[in-house]
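Engineer: Counting along the sequence shown from 1, when you hit position 205 you're at 591 in the numbering used here, and nothing is skipped either side. Shown below is the structure under consideration.
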Amino acid sequence: MGLVFGAGGVAGQAYHAGMLSALADLTGWDPRTAEVVVGTSAGALMAVGLRAGFSAADLAARATDDPLSTEGAALIAQAPPDDVDPEALPAVDRSRGPAAPELLRRAARRPWEVPPGSLAAAALPAGTRSTAAIRSGVTRFLGDSWPDQELWVCAVSLETGRLVVFGHPDAHDADGAEVTPGLAVAASCAIPGYFAPVEIGGVRYVDGAVASPTSADVLAGRNLDLVIVSAPMSVMAGEAKRPWNRVSRGVSRVLLTRESARLRRSGTAVIAVEPTAGDIELMSHDAMEARHRAAVTRHARETTLRRLAQPAVQALLGGLTDQALAG
Numbered sequence: 387m388g389l390v391f392g393a394g395g396v397a398g399q400a401y402h403a404g405m406l407s408a409l410a411d412l413t414g415w416d417p418r419t420a421e422v423v424v425g426t427s428a429g430a431l432m433a434v435g436l437r438a439g440f441s442a443a444d445l446a447a448r449a450t451d452d453p454l455s456t457e458g459a460a461l462i463a464q465a466p467p468d469d470v471d472p473e474a475l476p477a478v479d480r481s482r483g484p485a486a487p488e489l490l491r492r493a494a495r496r497p498w499e500v501p502p503g504s505l506a507a508a509a510l511p512a513g514t515r516s517t518a519a520i521r522s523g524v525t526r527f528l529g530d531s532w533p534d535q536e537l538w539v540c541a542v543s544l545e546t547g548r549l550v551v552f553g554h555p556d557a558h559d560a561d562g563a564e565v566t567p568g569l570a571v572a573a574s575c576a577i578p579g580y581f582a583p584v585e586i587g588g589v590r591y592v593d594g595a596v597a598s599p600t601s602a603d604v605l606a607g608r609n610l611d612l613v614i615v616s617a618p619m620s621v622m623a624g625e626a627k628r629p630w631n632r633v634s635r636g637v638s639r640v641l642l643t644r645e646s647a648r649l650r651r652s653g654t655a656v657i658a659v660e661p662t663a664g665d666i667e668l669m670s671h672d673a674m675e676a677r678h679r680a681a682v683t684r685h686a687r688e689t690t691l692r693r694l695a696q697p698a699v700q701a702l703l704g705g706l707t708d709q710a711l712a713g
């Protein structure tokens with residue numbers, strides 16, 4: 387069983403929390419026991435929460451500012467204090483020219499080698515905000531070692547324009563540099579033009595959503611029975627009510643559809659959980675807006691319960707329910 391958490395900023399994290407809460411309550415299955423968890427950008431932070439030991443209920447409670455369970459409160463209390471104040475971080479001094487001129491020149495010579503999203507990231511000026519707080523927050527709960535249970539974190543190299551999956555058994559660290567979970571997640575969250583690229587072993591990385599908001603197909607060939615994808619940047623069929631949502635979220639949906647098809651061809655069943663029109667209205671146009679976080683989580687929980695109650699989905703979830711009963 388695999389879980390995939392897509393990009394989506396603060397609103398995306400809130401959506402993931404509601405989705406997980408619904409999944410756990412409906413099936414009785416504990417998402418912390420997933421064989422492999424894949425995260426992109428905000429989804430990487432949700433994946434870290436699971437691997438750090440937070441239950442689905444506690445992840446939802448953190449999003450809605452409700453009391454944590456005794457177990458969740460203990461995890462918070464036992465973690466070392468976060469030593470980075472985001473408000474005190476100075477702006478990163480960056481040139482306002484293209485972030486990756488070499489990649490642009492390569493694309494001019496061989497355009498088929500550079501994905502469109504990577505081309506856009508290369509053309510934008512490098513962001514000026516530090517990701518130090520993200521790195522510190524991840525390190526607070528995971529330390530500098532990767533968890534025993536598989537955690538895969540998606541980022542994009544500004545040198546090659548290609549997707550890199552940190553934590554993957556076949557991933558190769560740049561120039562032998564050690565890639566800690568904190569560095570990997572900071573790289574995965576480095577939104578082009580907003581956050582400064584994260585340098586690891588002399589290679590600069592940016593947000594994994596540059597390649598795809600979900601990259602669910604990195605699990606093709608992993609021989610999983612089922613993969614559940616939480617895709618905050620996509621949209622459920624027929625639910626894009628506004629023209630700009632039909633375009634932006636439609637692209638995400640097309641990518642997710644292709645990735646799901648590849649997973650199915652490899653023998654893995656897929657359940658994709660995507661926002662409804664009501665979810666999208668609450669998530670607003672600013673993915674970094676935190677004001678509606680609690681409302682997004684609660685609404686996503688209700689819409690996910692309806693999605694998972696569909697007969698075809700219930701048939702796929704039967705194995706999870708059996709695992710929960712056996713456990």
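Backbone N, C-alpha and C fix where the C-beta goes; we use that ideal spot for every residue, glycine too. Predicted, not measured: the structure shown is a model, and the values here were computed from it.
Going along the chain, which residues of its own chain have a beta-carbon closer than 6 Å to the beta-carbon of T683, five neighbours each way excluded?
Structural biologist: One-based indexing of the sequence shown puts residue 683 at position 297. Hits under 6 Å: A400, A403, G404, A446, A449 and T450.
Engineer: Have a look at G398, L406, V422 and A557 and flag the residue whose alpha-carbon is nearest the alpha-carbon of L694.
Structural biologist: The count along the sequence shown starts at 1 and reaches residue 694 at position 308. Answer by Cα proximity: L406.
Engineer: May I ask which residues mark the beginning and end of the alpha helix (DSSP H) holding V682?
Structural biologist: Here residue 682 refers to the residue found at position 296 of the sequence shown. Segment R679 to L694, the alpha helix (DSSP H) holding V682.
Engineer: On the three-state DSSP scale, how would you describe V498?
Structural biologist: Within the sequence shown, the letter at position 112 stands for residue 498. What sits at residue 498 in the sequence shown is Trp, not Val. Correct three-state label for W498: helix.
Engineer: Just to confirm before moving on: does the CB-CB distance between M619 and G388 stay below 8 Å?
Structural biologist: To locate residue 619, count along the sequence shown from 1; it is residue 233. To locate residue 388, count along the sequence shown from 1; it is residue 2. Going by C-beta atoms, M619 is not nearer than 8 Å to G388.
Engineer: Does DSSP classify G425 as helix, strand or coil?
Structural biologist: On the sequence shown, position 39 is the one that residue 425 refers to. If DSSP states are grouped into helix, strand and coil, G425 belongs with the strands.
Engineer: Short check: CB of A573 to CB of A541, under 8 Å?
Structural biologist: For the purposes of this step, residue 573 is taken as the residue at position 187 of the sequence shown. For the purposes of this step, residue 541 is taken as the residue at position 155 of the sequence shown. Yes, Cβ-Cβ distance for A573 and A541 is below 8 Å.
Engineer: Let me make sure I understand the geometry here. Which of A701, R635 and S598 has the alpha-carbon closest to that of P661?
Structural biologist: For the purposes of this step, residue 661 is taken as the residue at position 275 of the sequence shown. Selected option, being the one with the closest Cα: R635.
Engineer: Taking the C-alpha atoms as reference points, what is the distance between L702 and A655?
Structural biologist: Residue numbering aside, residue 702 sits at position 316 when the sequence shown is read from its first letter. Residue numbering aside, residue 655 sits at position 269 when the sequence shown is read from its first letter. Taking the straight line from one Cα to the other gives about 8 Å.
Engineer: Taking DSSP as the reference, what is the three-state secondary structure of V637?
Structural biologist: If you number the sequence shown from 1, residue 637 lands on position 251. V637 falls in the helix class under three-state DSSP.
Engineer: With a threshold of 16 other CB atoms inside 10 Å of the CB of G483, please say whether the residue is buried or exposed.
Structural biologist: Taking the first residue of the sequence shown as 1, we reach residue 483 at position 97. Flag for G483 reads exposed.
Engineer: Please classify S670 as buried or exposed, where buried requires at least 16 other C-beta atoms within 10 Å of its C-beta.
Structural biologist: Locating residue 670 in the sequence shown gives position 284, where the first residue counts as 1. It counts as exposed.
Engineer: Based on the DSSP output, what are the partners of S504 in its beta bridges?
Structural biologist: In the sequence shown, counting from the first residue as 1, residue 504 sits at position 118. For S504, which the question treats as bridged, DSSP gives no partner whatsoever.
Engineer: Tell me which residue opens and which closes the beta strand (DSSP E) that L389 is part of.
Structural biologist: Start at 1 with the first residue of the sequence shown, and residue 389 comes out as number 3. L389 -> beta strand (DSSP E) spans G388 to F391.
Engineer: Let me confirm a value: S598 is counted as buried when at least 16 other C-beta atoms fall within 10 Å, else exposed. Which label applies?
Structural biologist: Taking the sequence shown and counting its residues from 1, one reaches residue 598 at position 212. Result: buried.
Engineer: DSSP three-state label for R515, please.
Structural biologist: For the purposes of this step, residue 515 is taken as the residue at position 129 of the sequence shown. In the structure shown, R515 sits in a strand (DSSP, three-state: E or B).
Engineer: Give the DSSP-derived three-state secondary structure of D603 in the structure shown.
Structural biologist: Looking up residue 603 in the sequence shown gives position 217. If DSSP states are grouped into helix, strand and coil, D603 belongs with the helices.
Engineer: Taking the alpha-carbon of V424 as reference, which of G653, A506 and L436 has the nearest alpha-carbon?
Structural biologist: Here residue 424 refers to the residue found at position 38 when the sequence shown is read from its first residue. Per the Cα distances, L436.
Engineer: Compute the distance between the beta-carbons of W532 and V551, then report whether it is under 8 Å.
Structural biologist: Here the question's residue 532 lines up with position 146 in the sequence shown. Here the question's residue 551 lines up with position 165 in the sequence shown. No. Outside cutoff.
Engineer: Just how far apart, CA to CA, sit A681 and T689?
Structural biologist: As a working mapping, residue 681 is identified with position 295 in the sequence shown. As a working mapping, residue 689 is identified with position 303 in the sequence shown. Their Cα atoms are separated by approximately 12 Å.
Engineer: Using 10 angstroms around the beta-carbon of P453, count the other beta-carbons present and answer buried if the total reaches 16, otherwise exposed.
Structural biologist: Locating residue 453 in the sequence shown gives position 67, where the first residue counts as 1. So P453 ends up on the exposed side.
Engineer: Exposed or buried, what is R496 when buried is set at 16 or more other beta-carbons lying within 10 Å of its beta-carbon?
Structural biologist: By 1-based counting over the sequence shown, the position of residue 496 is 110. Exposed, by the Cβ-count rule.
Engineer: How far does the alpha helix (DSSP H) with Y580 in it extend, from its first residue to its last?
Structural biologist: One-based indexing of the sequence shown puts residue 580 at position 194. Note, Y580: premise wrong, no alpha helix (DSSP H); not H, not E.
Engineer: Output the boundary residues of the alpha helix (DSSP H) element that contains V396.
Structural biologist: Your numbering for residue 396 matches position 10 in the sequence shown. Element bounds for V396: G395 to T413.
Engineer: Determine which residues share a DSSP beta bridge with D451 and list them.
Structural biologist: The count along the sequence shown starts at 1 and reaches residue 451 at position 65. According to DSSP, which records beta bridges pairwise, D451 is partnered with nothing at all.
Engineer: Can you have a look at W415 and say buried or exposed, based on whether 16 or more other CB atoms are within 10 angstroms of its CB?
Structural biologist: If you number the sequence shown from 1, residue 415 lands on position 29. Under this definition W415 is a buried residue.
Engineer: Taking Cβ to Cβ, would you say L691 is nearer than 8 Å to A408?
Structural biologist: For the purposes of this step, residue 691 is identified with residue 305 of the sequence shown, where counting begins at 1. For the purposes of this step, residue 408 is identified with residue 22 of the sequence shown, where counting begins at 1. For L691 and A408, yes; Cβs fall inside 8 Å.
Engineer: Could you give the distance in angstroms between the alpha-carbon of A663 and the alpha-carbon of V524?
Structural biologist: For this step, residue 663 is matched to residue 277 along the sequence shown. For this step, residue 524 is matched to residue 138 along the sequence shown. Each residue's alpha carbon lies about 32 Å from the other.
Engineer: Taking the Cβ atom as the reference point for each residue, do D665 and H678 lie within a distance shorter than 8 Å?
Structural biologist: Counting from 1 along the sequence shown, the entry for residue 665 is found at position 279. Counting from 1 along the sequence shown, the entry for residue 678 is found at position 292. Cβ distance not < 8 Å, so D665 and H678 don't count as in contact.
Engineer: Measuring alpha carbon to alpha carbon, tell me which of L505, V396, P697 and Q696 ends up nearest G547.
Structural biologist: Along the sequence shown, read from residue 1 onward, the residue named residue 547 stands at position 161. Selected option, being the one with the closest Cα: L505.
Engineer: Have a look at V571, S652, G503 and V396 and flag the residue whose alpha-carbon is nearest the alpha-carbon of L641.
Structural biologist: As a first step, residue 641 is located in the sequence shown; it is residue number 255 there, counting from the start. If we check each option's Cα against that of L641, G503 comes out closest.
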